[in-house]
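Student: Quick note: the sequence shown uses our numbering, first residue 3, plus one each step.
Note that CB positions come from ideal geometry on N, CA and C, so glycine has one too.
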Amino acid sequence: QVHLVESGGGLVQPGGSLRLSCVASRITFSLYTMAWYHQAPGKQRELVAQISSAGSTTYADAVKGRFTISRDNAKSTVFLQMDSLKPEDTAVYYCNAEHRIIVLTYWGQGTQVTVSS
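1) So does the segment 11 to 19 actually touch the segment 82 to 94, counting three or more Cβ pairs closer than 8 Å?
2) Does DSSP put VAL94 in a helix, in a strand, or in coil?
3) From the DSSP output, which residues share a beta bridge with ASP74?
4) Using alpha carbons as the reference points, say which of GLU90, MET36, ALA56, CYS24 lies closest to LYS45.
5) Take the Cβ of ILE71 as the centre, count every other Cβ of all protein chains shown within 10 Å, and call the residue buried at 16 or more, exposed below.
6) Note the first and the last residue of the continuous beta strand (DSSP E) segment covering THR107.
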């Protein structure tokens with residue numbers, strides 16, 4: 003059974019930083035585009051950042067210059083470094099794995115990020 007397990011969420015003050023991690027198991031990690039989505043209460047799930055198997059990255063406009071996505075294929079792990087956090091970044095953050103060739107997608111269970119003073 004495939005597992006995507008996120009960690010690193012929590013409560014942080016505005017302007018602070020958090021680093022999210024997502025460890026994947028039972029997939030050939032290098033064949034997947036990895037992404038982070040977030041979902042705030044009452045809102046739809048939205049793409050935050052994405053990284054291809056080759057390392058190309060894409061960011062939502064709202065996080066450009068503040069968040070950095072990276073991956074370690076040897077450890078089957080994707081990271082999201084979040085700096086200069088704002089209250090509007092408060093949401094549940096989900097890890098996503100999408101196979102780069104066939105239609106196959108997996109989701110993690112989510113980790114809560116709360117930005118508040």
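Tutor: Put simply:
1) Taking 8 Å as the limit for Cβ pairs, the verdict is that the segment 82 to 94 does touch the segment 11 to 19.
2) VAL94 falls in the strand class under three-state DSSP.
3) THR79
4) GLU90
5) buried
6) 107 to 109
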